[in-house]
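Numbering (the UniProt record's numbering), first residue to last: 1 to 296. Note that CB positions come from ideal geometry on N, CA and C, so glycine has one too. Structure first, commentary second.
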Amino acid sequence: MSSTAPATASGTFAIGGDLTVHRLGYGAMRITGPGIWGAPADHDEAVRVLRRAVELGVDFIDTADSYGPFVSEDLIREALHSGGADPYDGVTVATKAGLIRTGPDRWHQLGRPEYLRFACEMSLRRLDVERIELFQLHRIDDQVPEQEQFGVLAELRDEGKIRHVGLSEVGVDELARAQQVLPVATVQNRYNLLDRGSQDVLERCERDGIGFIPWFPIATGDLARAGGPLDELASRTGATPSQLALAWLLRTSPVQLPIPGTSSVAHLEENVAASEVELSDDDVAALDALADGHGR
């Protein structure tokens, strides 16, 4: 890494028009146990990862009450809460609600308004803040009228318990219906070099100035195999395949806010260094062509 805070090279985006963060963030799902369940195998390393992320210039950390459950939020508070008037010292901690856990790798939707309100109150307590800067609906529960789910988020925003509202795994029509109820500041959908199924949602976000948070942002598959197509580009640019995948996201849209996650400081440093990878137009075209050739 050529600078002490490489994440700053990723540029900035103003979530909701007034909450400015560096575009390359950190996703705090992997600091939990196997299956995103329970405590991490190495508690101290998880704390080091969070603190190192901030040292590297990351000021946008994404988590959820269901990661652990609760473990990720608790670790973030332990590692980063300063106890001052600005408890996270300029770092935006975004969290989510709407999924409950019954065991490792088991996820269930729960979008009843009273539950979403309860989840918000508990995240406020675990993170030890008076307001959550970005509170996201983890999934729209198809067993609950979506307007009720959007409505309680609007109420929490009006009450000052959350600053901005985000959605996760939504289509263009769902986003449009939510926008009729409240301002939507971010959308978090699966999107990466090989999976661009949410391209229409990304374009809607670009049109409306909505931050787009691609989860699972590093997906290179067999493109990254030794001697494979990405291997050649990595050799030419000096970047790793993971860094190329992240740099591509940052380059292809100004509203992209990638949040690569890891439980390792070394892997974190590699990911954040992607902020400083400069792709030429030819590099971007080559990456686009690689994905097109793999049935995206």
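Task: Alpha carbon of residue 177 to alpha carbon of residue 94, nearest angstrom - done: 22 Å
TODO: Give the single residue among 64, 77, 41, 197 whose Cα lies nearest to the Cα of residue 51.
DONE: 77
Task: Whole-angstrom distance between residue 198 and residue 296, CA atom to CA atom - done: Here residue 296 scores only 48 on pLDDT, less than 50, and its place in the model should not be relied on; the value that follows carries that caveat. Straight-line Cα distance between these residues: approximately 11 Å.
Task: The alpha helix (DSSP H) enclosing residue 123, as first and last residue numbers - done: 113–127
Open item on the list: Can you check whether the C-beta of residue 96 is within less than 8 Å of a C-beta belonging to chain C?
Closed with: The chain inventory of the structure shown lacks chain C, comprising one protein chain alone.
Task: Residues bridged to residue 60 [DSSP beta-bridge criterion] - done: 92
Open item on the list: Does residue 147 pass the burial test, meaning 16 or more other C-beta atoms within 10 Å, or should it be called exposed?
Closed with: exposed
Open item on the list: What does DSSP give as the partner residue(s) for residue 189 in the beta ladder?
Closed with: 214
Open item on the list: Within the continuous beta strand (DSSP E) that includes residue 14, where are the two ends?
Closed with: 12–15
Open item on the list: Along the chain, where does the beta strand (DSSP E) containing residue 133 start, and where does it finish?
Closed with: 132–137
- [ ] Since I believe residue 213 is in contact with residue 59 (beta carbons under 8 Å), could you give me their beta-carbon distance rounded to a whole number of angstroms?
- [x] So it is not a contact: roughly 14 Å between Cβ atoms.
Open item on the list: Quick check: the region 184–191 against the region 156–170, are at least 3 beta-carbon pairs closer than 8 Å?
Closed with: yes
Task: Terminal residues of the beta strand (DSSP E) in which residue 164 lies - done: 162–168
Task: Through-space distance from residue 280 to residue 110, alpha-carbon basis - done: 44 Å
- [ ] Out of 123, 90, 89, point me to the one whose CA is closest to residue 297's CA.
- [x] Outside the displayed range of the chain (1 to 296) lies residue 297, so it cannot be described from this structure.
Task: CA-to-CA distance, residue 275 to residue 5, given in whole angstroms - done: 10 Å
Task: In DSSP terms, what residue 140 is bridged to - done: Per DSSP, none; premise fails for residue 140.
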